[in-house]
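In this note's numbering, the protein residues as written are 108 to 357.
Each remark here refers to the structure printed beneath this line.
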Ligand SMILES: Nc1ncnc2c1ncn2[C@@H]1O[C@H](COP(=O)(O)OP(=O)(O)OP(=O)(O)O)[C@@H](O)[C@H]1O
Ligand SMILES: [Mg+2]
């Protein structure tokens, strides 16, 4: 069943076109990837799917800054959510873990998880935290450490953990592997697989480098200059010579 349907998205920052007639979909239970190089439009896509773009648009308007225009549709569970606020989308189950997500550096790992789950009841938050520690055992002995003293990879685990405590149905991960060592990338890719297996969470992720993620995604979309250029199963993309040439560098 199609969970997320993205129809002919166009996003303008003033006259600059960041997404150009971009369409894609995600079926319930899938792990789907969006592969694109620098400034291809990955973050803009994630912001449009999570609704952050609506907040950005409002803020810019108030400041008299640049004009942000969104055309097209975002449909979630058959419902048009294009104009739905980010917090309402979180309630529906769409949760974004942002690229270089800011965690609260002066707060401990456990406190960060509690802050992220403030909407949830006490009992549920404890369960949700247990799930996070199950997924990322490396965080267990760091529970009381200030987030600011964690390594990049540990911060990324915490950031994803913070998205998980609100129990997403569709988890959006914007470049989750960015800046991480190959070792840490492996750990995270493994965790994303387990996430899907153990909690049935549907995942949509973006990446600049295809190599670490192609083996685990069911389907992928390639985006260039805001436009869809290719799509296929993870295997099809892996075997595609163009992809190999363009996105298999390090
Ligand atoms: N707030 C903004 N104002 C103006 N232009 C923007 C804004 N955000 C993004 N853009 C432009 O939109 C295009 C897409 O940017 P976006 O950040 O979505 O790409 P990206 O694929 O996430 O890139 P990266 O790999 O660097 O994270 C770029 O040309 C960028 O300059
Ligand atoms: Mg980006």
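Here a beta-carbon is modelled for each residue, glycine too, at the ideal position from N, C-alpha and C.
This one's a predicted model, so the numbers in the text were calculated from it and none came from an experiment.
Excluding residues up to 5 positions away in sequence, 281 lie with their Cβ nearer than 6 Å to the Cβ of residue 205 in the same chain.
Residue burial annotation: residue 137 is buried, with at least 16 other C-beta atoms found within 10 angstroms of its C-beta. The three-state reading of DSSP puts residue 129 in strand, counting E and B together.
When rounded, the separation of the alpha-carbon atoms in residue 355 and residue 287 is 16 Å. Straight through space, the alpha carbons of residue 168 and residue 341 are spaced by roughly 40 Å. A direct Cα-to-Cα measurement between residue 237 and residue 306 gives close to 13 Å.
Within 7 Å of the C-beta of residue 173 there is at least one heavy atom belonging to ligand 1. For residue 328, the uninterrupted beta strand (DSSP E) run begins and ends at 326 to 331, by DSSP.
Cα atoms of residue 198 and residue 272: separation of roughly 12 Å, rounded to the nearest angstrom. In this structure, 224 is the residue among 319, 224, 284 with its C-alpha nearest to the C-alpha of residue 275.
Residue 308 is bridged by DSSP to nothing; it lacks a bridge partner. Sequence-distant Cβ neighbours of residue 121 in its own chain, meaning closer than 7 Å and more than five residues away, are 173, 174. Residue pairing of residue 204 in beta bridges, as defined by DSSP: 280. Collapsing the DSSP output to three states places residue 355 in coil. Taking non-hydrogen atoms of ligand 1 into account, the C-beta of residue 191 is found less than 7 Å away from none of them. With contacts defined by Cβ atoms closer than 8 Å, residue 334 and residue 119 do not form a contacting pair.
Residue 326 is classed as buried because its beta carbon has at least 16 other beta carbons within 10 Å across all chains shown. Counting only the Cα atoms, residue 344 lies some 10 Å from residue 322.
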